[in-house]
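**Q** Sharing a structure here in structure tokens format.
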Amino acid sequence: MVPSCRALLPRQLPHCDRNTSPVFNRTNPNHNTHYKQTDSLWTDRQPPLIDRQMGTVERQPGEEGGVFESTMCKEKTENAVEAQPDYSPLSWRGYFDQMEDVVVGAADSSDSFRVYKAGTGGPVLVLLHGGGHSALSWAVCTTAISSRVSCRVLAMDLRGHGATQVQCDDFSTQTMSRDVANVVQACYGETPPPMVLIGHGVGGAIAVHAASSMLLPTIVGLVAIDVVEGSAMEVLHSMQNFLRGRPKSFKSMVHAIEWSVKSGQIQNLESARVSVVGQIKKCEVDKDVLLEPASLVVDVAVEGNEEFHEQHQLNDKENTTPERSISDNQSVYNWRIDLSKAEKYWDGWFRGTSNLFLSCNLPKLLLLAGVDRLDRDLTIAQMQGKFMMQLLPPCGHAVQEDHPDKVADAITSFLLRHKFAESREDNQSSPLPFTQ
């Protein structure tokens, strides 16, 4: 889960005041009532289309109990029992209509790309995820968009990400742009329907390159989310530090989801429950491998989340054995892609992206979490009205996950403004004003 714009690094959270933190200060007392409890790993029932909250409980001054309680904490207050967030994974079936593996290339050197589809009519929205993420990062946002306009969605796992399997790890923008064109052609033929390319982070850069190269003849619009060349280039040197700062592995899928939310990587619990599944994979561990005393899920101190880290330290003290060996056939979950090995491609992902974006002779929309992300070229062009821009509420880099409904509103307004799609009769969302 790697950012690409101003923070290829995650957004640096301030010291978390429990009463003001954007991560902790969220309420949803009915959290668990939206989900069907089963004995299965997956929960297929789709929650309602409302602002998804983390499910933590906020206490007013004078009330008993804390504002936030980690699921790892076993102690309860005597007079108040907090509702615990559900970190179990959700299935893609609650958000997409179908999943398939699209094979492209010659028989002896073919690549397989995992794609998720939704909708039956209207333009095709090709959704490209950010570095380290997967197509499932669009799950909640896809449902929100589909409820507002008539459209089709094609979300794909990029090369080296998610469940996609390729013959070589060539992460250049040219190769990854060609991947997008090949998958679209395999799904829709030589003359695909009207398409809008929508990309987040690295996916946004790939969308810009694909659009500027005219690889898809039926592209009618371009949407880039939180990807700006200037601010991205400034922090590339810190990328390795960010990657080293993450946990290397997790004890379970639930632990990975919990860490993603509590570390602030994804600030929306529902989205984390479906998207983290595409970021990690299950690995068998040799029985002779020894672990450090610290838990696999929290072998990292996250600035601004001291409570989460300290709580796990307390739990670890219960284990008095200095080293713990993993039993036979025990599994851990590792990241699906090691982005540190793609370092030679990082510069090429973003260099020249702003000029390419501006040169695309298409209706364009840039979604940002803050105006500070604009570089000089984009600032001048935006003042000249060369593209539409929408600023979203404060959030992390995973914009479409943190605020899926806000992103859906912005994309809906863009589609309706240019008559790319028709509004659904039951669409209750309000058009967003664009900055031009």
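In numbering that gives the first Met the number 0, the protein residues as written are 0 to 435.
We put the beta carbon where it would ideally sit given N, CA and C, even for glycine.
Remember, it's a predicted structure, so these values are computed and weren't measured experimentally.
By Cβ distance, which residues of its chain are closer than 8 Å to arginine 423, with the 5 residues on each side in sequence left out?
**A** Cβ neighbours of arginine 423 beyond the five flanking positions: Ser146, Arg147, Val148, Ser149.
**Q** Please state whether DSSP places cysteine 282 in a helix, a strand or coil.
**A** strand
**Q** Mapping the DSSP letters down to three states, classify glycine 65 as helix, strand or coil.
**A** Bear in mind that a pLDDT of 31 at glycine 65, under 50, signals an unreliable position, so the number given afterwards is only what the model happens to contain. It is coil, neither helix nor strand.
**Q** The beta strand (DSSP E) spanning glutamate 99 covers which residue range?
**A** 97 to 103
**Q** Among Gly121, Pro246, Arg177, Trp137, whose alpha-carbon lies nearest the alpha-carbon of arginine 333?
**A** Just to set this straight, residue 333 is asparagine in the shown sequence, not arginine. Nearest option by C-alpha distance: Pro246.
**Q** Which runs of the beta strand (DSSP E) spanning at least 3 residues fall entirely within the stretch 104 to 172, listed in chain order?
**A** 110 to 117, 123 to 127, 151 to 155
**Q** Note the first and the last residue of the continuous beta strand (DSSP E) segment covering tryptophan 334.
**A** 330 to 334
**Q** Just to confirm my understanding: we take valine 179, look at its own chain, exclude 5 residues before and 5 after, and list those with CB closer than 6 Å. What are they?
**A** Excluding residues within five positions, the ones whose Cβ falls inside 6 Å are Ala209.
**Q** With DSSP collapsed to three states, give me the class of phenylalanine 419.
**A** Taken through DSSP and simplified to helix, strand or coil, phenylalanine 419 comes out as coil.
**Q** Measuring alpha carbon to alpha carbon, tell me which residue in Ile205, Ala154, His236 is nearest phenylalanine 112.
**A** Ala154
**Q** Considering only residues of the same chain and omitting the five flanking positions on each side of valine 260, which have a CB-CB separation below 6 Å?
**A** Leu268, Ala271
**Q** Are leucine 364 and leucine 390 touching if we call contact CB-CB under 9 Å?
**A** Against a cut-off of 9 Å, the Cβ pair of leucine 390 and leucine 364 comes out as no contact.
**Q** Using a Cβ-Cβ cut-off of 6 Å (strictly less than) and excluding sequence neighbours within five positions of leucine 127, which residues of its own chain qualify?
**A** Hits under 6 Å: Gly198, Gly202, Ile205, Ala206.
**Q** In terms of residues, what are the limits of the alpha helix (DSSP H) holding valine 226?
**A** Premise fails: valine 226 is in no alpha helix (DSSP H) and is neither H nor E.
**Q** Cα-Cα, which of Thr142, Pro192, Phe356 is closest to serine 385?
**A** Going by the sequence as given, residue 385 is lysine instead of serine. Residue Phe356 is the option with its Cα nearest to lysine 385.
**Q** Just checking, does the stretch 208 to 223 make contact with the stretch 168 to 188 on the three C-beta pairs under 8 Å criterion?
**A** A contact exists between the stretch 208 to 223 and the stretch 168 to 188.
**Q** Between the stretch 116 to 127 and the stretch 151 to 167, are three or more C-beta pairs nearer than 8 Å?
**A** yes
**Q** Rounded to the nearest angstrom, how far is the Cβ of proline 193 from that of valine 219, given a contact under 8 Å?
**A** 5 Å
**Q** Scan the stretch 177 to 256 and note each continuous beta strand (DSSP E) run of 3 residues or more that stays entirely inside, going in chain order.
**A** 194 to 199, 218 to 224
**Q** Closest by CA to glycine 131, which one among Ala117, His417, His160, Val125?
**A** Measuring from the Cα of glycine 131, the nearest candidate turns out to be His160.
**Q** If we count the other Cβ atoms within 10 Å of its Cβ and call it buried at 16 or more, is glutamine 383 buried or exposed?
**A** exposed
**Q** Would you grab the beta carbon distance between serine 274 and isoleucine 265 for me? Rounded to a whole angstrom, and I think it's under 8 Å.
**A** 7 Å
**Q** With which residues is glutamine 389 paired in a DSSP beta bridge?
**A** Leu366
**Q** Just the C-alpha distance for aspartate 156 and lysine 116, rounded to the nearest angstrom, thanks.
**A** Roughly 12 Å between the two C-alpha positions.
**Q** Give me, in chain order, the residues of the same chain whose beta-carbon lies closer than 6 Å to that of lysine 281; leave out the 5 immediate sequence neighbours on both sides.
**A** Apart from sequence neighbours up to five positions away, the residues of its chain that approach lysine 281 with a beta-carbon distance below 6 Å are Ser330, Tyr332, ordered along the chain.
**Q** Which whole-angstrom value is the C-beta distance of valine 101 and cysteine 167, which I expect to be below 8 Å?
**A** Wrong, their Cβ atoms sit about 18 Å apart, outside the cutoff.
**Q** Please report how far the alpha carbon of alanine 134 lies from the alpha carbon of glutamine 97, in whole angstroms.
**A** When only Cα atoms are considered, alanine 134 and glutamine 97 end up about 13 Å apart.
**Q** What is the DSSP secondary structure of asparagine 354, counted as helix, strand or coil?
**A** Helix.
**Q** Can you look up glutamine 83 in the DSSP assignment and give me helix, strand or coil?
**A** coil
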